[in-house]
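Protein chains in written order, with the working numbering: chain P, 17 to 351; chain H, 78 to 373; chain S, 5 to 343. What follows is one structure encoded as structure tokens, with my remarks underneath.
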Amino acid sequence: MTEADPLLAIDDLTVEFSTHAGQVAAVRGVSLHVDAGETVALLGESGSGKSVTVQTIMGLLPKTTSRVASGQVSYRGTDLLALPTRRLREFCGPEIAMVFQDPLSSLNPVMRVGYQLSEPLWRGAGASRKAARARAIELMQLVGIPDAARRIDDYPHQFSGGMRQRVMIAMALSRNPSLLIADEPTTALDVTVQAQIMSLLGDLRRELGMAMLLISHDLGVVADVADRVYVMYAGAIVEEGTTREVYDHPGHPYTEGLLASIPGESSGAQRLASIPGSPPVPGTLGDGCSFAPRCRYATEFTRAHEPELRSPAGWVPTHRVACHRAEEVLADVRA
Amino acid sequence: MSDHPLPTRWLRLPRLAPARDGGTRRLVVCLVIVIAYALLAIFGPVVTGYNPITTYVQDRLLPPGSLLSNGSVALLGTDQVGRDILGQVFMGARVSMVAGIATLLLAGLIGITVGLLAGYFGGILDSILMRIADIQLAFPSILLAILIAAILGPSFFNLILVLAIANWVVFARVTRSQVLALKNREYVDAARTLGARNLYLIVRTIFPGCVAPLLVVATVEIGHVIVAEASLSFLGLGTPASLPSWGLTISDGRDYLIDAWWISTFPGIALALLVLTLGVLGDTIRDRLDPKLRSL
Amino acid sequence: MSEPDLPLLSVRNLRTEFPLARGLGGRRVVKAVSDVSFDLRAGTTLGLVGESGSGKSTLARSIVGLDRPTAGSILFEGVELVGASATTRRRAGRDMQVVFQDPMASLNPRLTVGDAIAEGWRIHRDVAPRSEWKSRVAELLERVGLNPDHAGRYPHQFSGGQRQRIGIARALALRPKLLICDEAVSALDVSVRSQILNLLEDLQDEFSLTYLFIAHDLSVVRHVSDDVVVMYLGSAMEVGRGGDVFGDPVHPYTVALLSAIPPVRPWRETGRERIILTGDLPSPVSPPSGCPFRTRCWKAQEVCAEVKPPLVDHRGDGHLGACHFPEPAGSGPSVAPVP
Numbered sequence: 017m018t019e020a021d022p023l024l025a026i027d028d029l030t031v032e033f034s035t036h037a038g039q040v041a042a043v044r045g046v047s048l049h050v051d052a053g054e055t056v057a058l059l060g061e062s063g064s065g066k067s068v069t070v071q072t073i074m075g076l077l078p079k080t081t082s083r084v085a086s087g088q089v090s091y092r093g094t095d096l097l098a099l100p101t102r103r104l105r106e107f108c109g110p111e112i113a114m115v116f117q118d119p120l121s122s123l124n125p126v127m128r129v130g131y132q133l134s135e136p137l138w139r140g141a142g143a144s145r146k147a148a149r150a151r152a153i154e155l156m157q158l159v160g161i162p163d164a165a166r167r168i169d170d171y172p173h174q175f176s177g178g179m180r181q182r183v184m185i186a187m188a189l190s191r192n193p194s195l196l197i198a199d200e201p202t203t204a205l206d207v208t209v210q211a212q213i214m215s216l217l218g219d220l221r222r223e224l225g226m227a228m229l230l231i232s233h234d235l236g237v238v239a240d241v242a243d244r245v246y247v248m249y250a251g252a253i254v255e256e257g258t259t260r261e262v263y264d265h266p267g268h269p270y271t272e273g274l275l276a277s278i279p280g281e282s283s284g285a286q287r288l289a290s291i292p293g294s295p296p297v298p299g300t301l302g303d304g305c306s307f308a309p310r311c312r313y314a315t316e317f318t319r320a321h322e323p324e325l326r327s328p329a330g331w332v333p334t335h336r337v338a339c340h341r342a343e344e345v346l347a348d349v350r351a
Numbered sequence: 078m079s080d081h082p083l084p085t086r087w088l089r090l091p092r093l094a095p096a097r098d099g100g101t102r103r104l105v106v107c108l109v110i111v112i113a114y115a116l117l118a119i120f121g122p123v124v125t126g127y128n129p130i131t132t133y134v135q136d137r138l139l140p141p142g143s144l145l146s147n148g149s150v151a152l153l154g155t156d157q158v159g160r161d162i163l164g165q166v167f168m169g170a171r172v173s174m175v176a177g178i179a180t181l182l183l184a185g186l187i188g189i190t191v192g193l194l195a196g197y198f199g200g201i202l203d204s205i206l207m208r209i210a211d212i213q214l215a216f217p218s219i220l221l222a223i224l225i226a227a228i229l230g231p232s233f234f235n236l237i238l239v240l241a242i243a244n245w246v247v248f249a250r251v252t253r254s255q256v257l258a259l260k261n262r263e264y265v266d267a268a269r270t271l272g273a274r275n276l277y278l279i280v281r282t283i284f285p286g287c288v289a290p291l292l293v294v295a296t297v298e299i300g301h302v303i304v305a306e307a308s309l310s311f312l313g314l315g316t317p318a319s320l321p322s323w324g325l326t327i328s329d330g331r332d333y334l335i336d337a338w339w340i341s342t343f344p345g346i347a348l349a350l351l352v353l354t355l356g357v358l359g360d361t362i363r364d365r366l367d368p369k370l371r372s373l
Numbered sequence: 005m006s007e008p009d010l011p012l013l014s015v016r017n018l019r020t021e022f023p024l025a026r027g028l029g030g031r032r033v034v035k036a037v038s039d040v041s042f043d044l045r046a047g048t049t050l051g052l053v054g055e056s057g058s059g060k061s062t063l064a065r066s067i068v069g070l071d072r073p074t075a076g077s078i079l080f081e082g083v084e085l086v087g088a089s090a091t092t093r094r095r096a097g098r099d100m101q102v103v104f105q106d107p108m109a110s111l112n113p114r115l116t117v118g119d120a121i122a123e124g125w126r127i128h129r130d131v132a133p134r135s136e137w138k139s140r141v142a143e144l145l146e147r148v149g150l151n152p153d154h155a156g157r158y159p160h161q162f163s164g165g166q167r168q169r170i171g172i173a174r175a176l177a178l179r180p181k182l183l184i185c186d187e188a189v190s191a192l193d194v195s196v197r198s199q200i201l202n203l204l205e206d207l208q209d210e211f212s213l214t215y216l217f218i219a220h221d222l223s224v225v226r227h228v229s230d231d232v233v234v235m236y237l238g239s240a241m242e243v244g245r246g247g248d249v250f251g252d253p254v255h256p257y258t259v260a261l262l263s264a265i266p267p268v269r270p271w272r273e274t275g276r277e278r279i280i281l282t283g284d285l286p287s288p289v290s291p292p293s294g295c296p297f298r299t300r301c302w303k304a305q306e307v308c309a310e311v312k313p314p315l316v317d318h319r320g321d322g323h324l325g326a327c328h329f330p331e332p333a334g335s336g337p338s339v340a341p342v343p
């Protein structure tokens with residue numbers, strides 16, 4: 017059934033940070049994959065480990081305080097973690113691109129936008145400066161920046177938030193990547209601008225056939241673009257599947273709680289459904305299920321035994337959930 | 078995550094972050110030395126029974142370890158009028174530390190007030206106060222000392238006054254910049270919304286946030302102040318002759334450097350060691366409290 | 005519940021402008037709030053919604069007194085606040101409190117939680133005697149869902165949601181009549197957000213509070229508000245009851261805002277028109293002439309650039325819109341994104 021090998025495959029990744037409290041695992045045994053041309057979302061809140069996972073792919077973690085305790089990250093079969101930094105940059109440059117949350121701090125404020133756009137082209141891809149500049153203008157037009165030929169010489173602060181994010185996207189696309197990683201690309205933007213950017217990303221994906229790994233905490237944004245979703249909680253994946261399947265038939269109490277707590281979901285009822293407590297601080301987890309302290313399905317058993325990802329009988333095989341009582345959760349949802 | 082040092086009650090000291098690279102040992106050693114100085118300053122002169130007026134001409138210029146006419150041993154020798162150098166070193170410690178602390182308190186009082194007002198109110202007041210600060214910095218402190226000594230006469234209090242006037246600016250600047258950073262924080266707005274007026278906001282809401290950097294400044298400045306005091310006393314512009322500051326003792330020994338080197342040397346060593354220790358202590362505290370002030 | 009005759013808060017033609025330093029050729033100002041008017045009835049919740057640069061935060065700050073209004077009128081319990089003496093302002097200030105956006109930044113890191121909550125009593129000595137502070141703090145902590153034994157802890161020892169509860173307790177300590185929630189849930193995790201919204205809901209009844217709820221998240225505003233004001237670049241674009249504004253909007257901007265919210269289950273919505281605005285938010289320093297929304301509006305005509313549309317009741321039902329070409333009534337369902 018699988019046509020080709022996945023573009024990006026993360027296998028049982030565990031990433032630890034050294035803190036005053038000792039070694040803390042921010043990512044615990046995460047496995048996911050992205051196939052060519054598809055859009056996959058990592059959905060989670062603060063402390064879920066989604067950003068750290070993605071930073072590990074790109075080699076962006078601080079070397080002194082973090083380490084990959086176990087696992088593999090491979091792109092088109094090559095193990096990215098085994099590559100030294102320079103080789104990683106060379107290898108990834110033309111293939112994987114990343115867009116961050118806050119374009120203001122991701123763009124160099126003292127360099128013109130045109131320079132920042134064209135630098136990867138003439139420095140990395142070996143194009144001539146003239147050709148790189150022409151391509152930069154092309155890219156700015158591609159992402160919908162009006163008056164690109166003039167604005168290419170502007171500085172980042174002369175652009176609005178939405179426009180800066182478009183510049184970031186243009187930079188990301190400059191070498192025709194096969195995979196675009198977007199870490200909360202619209203969280204810092206206004207909702208009307210967010211709609212523009214998501215629409216842009218959707219168009220670009222279709223036109224360029226790019227795969228996308230999207231990190232977000234916004235269920236609506238994820239539903240808008242993602243084919244498949246991985247729900248992360250406390251450093252691990254608690255549910256995965258196609259977006260529609262997971263949203264319509266959530267098997268994990270956390271996913272179900274998230275979906276129910278959106279205003280408007282409780283069909284006009286005055287009180288919002290909510291999940292008690294708050295996401296755990298990394299490093300404070302016990303033995304059992306990480307969600308147990310907040311879970312209304314928790315039992316002594318679940319508090320002592322961490323559940324594994326599994327696809328319960330009768331479910332779509334690609335829909336997996338890490339919950340001992342997934343069947344009951346889904347039955348309640350359906351009720 | 079907050080970027081403040083761990084919280085403090087208004088007058089309680091901020092807690093230090095855990096040290097890296099053996100910093101704790103450095104901190105402990107420095108503290109031990111400083112405390113030793115303080116104890117010697119308090120109790121030393123009592124032990125040696127130092128008296129600046131009486132002179133023992135028969136005991137003059139005796140080298141360290143000599144037996145004195147009254148039966149005691151001059152551990153560090155005697156000066157040109159027969160006074161015990163060890164006693165002078167102890168008294169000098171007292172003078173230096175009192176001068177240092179008193180100056181810091183006075184300079185701190187002036188500087189912090191100026192900094193709070195300039196930072197909080199801004200505008201014209203800020204401009205005027207900061208220009209006064211600039212003028213102060215441009216004025217050489219030695220000349221100021223001479224001026225004050227000439228007008229008011231030499232006395233310990235005037236010495237403190239001169240040193241405070243010469244050193245308040247750094248307190249003002251650090252306070253002002255901290256106030257500027259804090260005055261638009263949401264918790265200040267929150268207190269304002271609760272109904273707090275300017276005085277309350279300045280003193281009880283914003284000022285506690287300035288304590289940490291000011292502590293750092295104080296530990297850095299005290300070394301400067303002690304050296305400054307010694308320099309002024311050396312030039313005769315500081316403590317009156319009856320109060321043997323290290324600078325004064327060093328100055329007394331100037332004419333005898335070849336024959337009786339101990340008169341200048343021992344106070345000199347004491348001074349250098351104290352200032353060095355305070356400097357290292359200040360660095361260590363600063364690194365642990367607020368690495369952003371590294372350039373001070 | 006009987007409706008009082010006088011609204012608790014009445015804002016008319018409020019303008020708040022900030023001068024920009026170093027203007028080349030004449031003073032430039034940022035017109036943060038331009039000519040905004042609305043009423044807030046006691047016991048209700050007014051939602052103030054808008055994107056960045058809309059002026060909603062400045063409007064709230066002008067009401068509370070953190071920013072000084074340039075012109076217009078703010079009547080709080082019948083007392084005029086614009087241009088009032090400091091004493092009048094302070095007196096009125098005790099009856100309106102704010103819950104701020106950033107739970108960490110709005111709590112003084114040097115005060116224990118108990119001290120933070122009691123700060124209002126420390127400032128206004130006549131509200132509660134010192135001997136009662138401890139017990140009252142414990143009561144408030146319990147009421148907002150926290151353990152009263154934790155009053156001696158510092159803010160950094162709590163989670164974001166808990167800190168926001170502390171902020172709410174602090175705001176309630178002075179028993180205000182009006183509570184302004186300035187993006188009170190925006191900085192919280194999704195799973196914590198609904199807890200706080202439920203808490204605010206419960207407290208409204210118990211403490212007889214009136215809320216001015218400011219947010220950029222429409223779903224949240226829609227859930228909590230009785231009435232809504234939609235702001236864009238300092239001006240009110242639409243004012244009305246929540247159900248009217250979100251169910252059957254008058255102003256094209258509101259239509260676009262609603263349309264921009266990505267639905268959680270898009271596969272269940274067929275035939276929903278998605279409007280993507282072109283262009284960017286103009287700068288508040290030089291807003292467009294006439295209607296501020298015209299640069300992004302698909303209906304814009306010449307008249308929109310020449311004449312600023314006034315806030316008018318186009319449908320005759322108390323639902324106001326500032327537009328020369330308002331949406332006709334009943335065009336709502338095609339854009340209402342309720343799943």
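For each residue, glycine too, the CB sits at the ideal point set by N, CA and C.
- Listed along chain S is no residue with a C-beta nearer than 8 Å to that of Leu-312(H); the closest approach is about 44 Å.
- With a 10 Å radius around the Cβ and a threshold of 16 neighbouring Cβ atoms, Met-127(P) comes out exposed.
- Cβ proximity to chain P below 7 Å picks out Ala-264, Ile-265, Pro-266, Pro-267, Val-268, Arg-269, Pro-270, Trp-271, Ile-280, Leu-281, Asp-284 and Leu-285 from the region 262 to 293 of chain S.
- In the structure shown, Val-37(S) falls within a strand segment according to DSSP collapsed to helix, strand and coil.
- Residue pairing by DSSP puts Met-235(S) in a beta bridge opposite Gly-54(S) and Ala-240(S).
- Secondary structure note for His-227(S): its alpha helix (DSSP H) is the uninterrupted segment 222 to 228.
- Taking the C-beta atoms as reference points, Gly-345(H) is found nearer than 8 Å to Ile-327(H).
- Beta-bridge partners of Glu-146(S) (DSSP): none assigned.
- For the C-beta of Arg-134(S), not a single chain P residue is nearer than 9 Å; the gap to the nearest is close to 33 Å.
- Secondary structure of Leu-346(P) (DSSP, three-state): helix.
- Contacts between Ser-89(S) and chain H, judged by CB atoms closer than 7 Å, are missing: the closest CB pair is about 14 Å apart.
- Contact with chain P is found for Val-194(S), since one of that chain's Cβ atoms lies less than 8 Å from the residue's Cβ.
- Within the region 210 to 242 of chain P, those residues whose Cβ lies closer than 8 Å to any Cβ of chain S are, in chain order, Gln-210, Ala-211, Gln-212, Met-214, Ser-215, His-233, Asp-234, Leu-235, Gly-236, Val-237, Ala-239 and Asp-240.
- With the criterion set as a beta carbon lying under 7 Å from some beta carbon of chain S, the members of the region 166 to 193 of chain P are Ser-176, Gly-178 and Met-179, in sequence order.
- For a Cβ distance threshold of 7 Å, residue set Pro-279 of chain P lies close to Val-224(S), ordered along the chain.
- Excluding five sequence positions before and after Ala-305(H), the CB atoms of its chain that fall closer than 8 Å to its own CB belong to Ser-218, Leu-240, Ala-243 and Asn-244, given in chain order.
- Burial is judged here by how many other beta carbons sit within 10 angstroms of a residue's own beta carbon; Gln-212(P) has at least 16 and is buried.
- Here Val-249(S) is buried: its Cβ has 16 or more other Cβ atoms, across all protein chains shown, within 10 Å.
- His-36(P) counts as exposed, since fewer than 16 other C-beta atoms from the protein chains shown sit within 10 angstroms of its C-beta.
- By the Cβ criterion, the region 129 to 138 of chain P is in contact with the region 147 to 164 of chain P, since at least three pairs of Cβ atoms, one from each stretch, lie closer than 8 Å.
- Close to chain P, meaning a Cβ-Cβ distance shorter than 9 Å, are the following residues of the region 138 to 168 of chain S: Ser-163, Gly-164, Gly-165 and Gln-166.
- For Pro-285(H), the nearest CB of chain S lies under 8 Å from its own CB, placing it at the interface with that chain.
- Collapsing the DSSP output to three states places Gly-251(S) in a helix.
- A residue is called buried once 16 or more other Cβ atoms fall within 10 Å of its Cβ, and Asn-235(H) is buried on that count.
- Considering only Leu-139(H), Leu-257(H), Ala-170(H) and Leu-259(H), the residue with the shortest C-alpha distance to Leu-351(H) is Ala-170(H).
- Residue contact with chain S for Glu-61(P): present (Cβ-Cβ distance below 8 Å to some residue of chain S).
- In summary, Ser-64(P) is buried, with 16 or more beta-carbon neighbours lying within 10 Å of its beta-carbon over all protein chains present.
- Shown here for Thr-296(H): same chain residues with a beta carbon closer than 8 Å to its own, the five before and five after excluded, namely Leu-355, Leu-358, Gly-359, Ile-362 and Arg-363 in chain order.
- Chain-order list of chain H residues neighbouring His-128(S): Leu-271 and Gly-272, by C-beta distance under 9 Å.
- Distance from the CA atom of Pro-193(P) to the CA atom of Gly-87(S), rounded to whole angstroms, is 59 Å.
- About 5 Å separates the Cβ atoms of Ala-198(P) and Leu-230(P), confirming a contact at the 8 Å cut-off.
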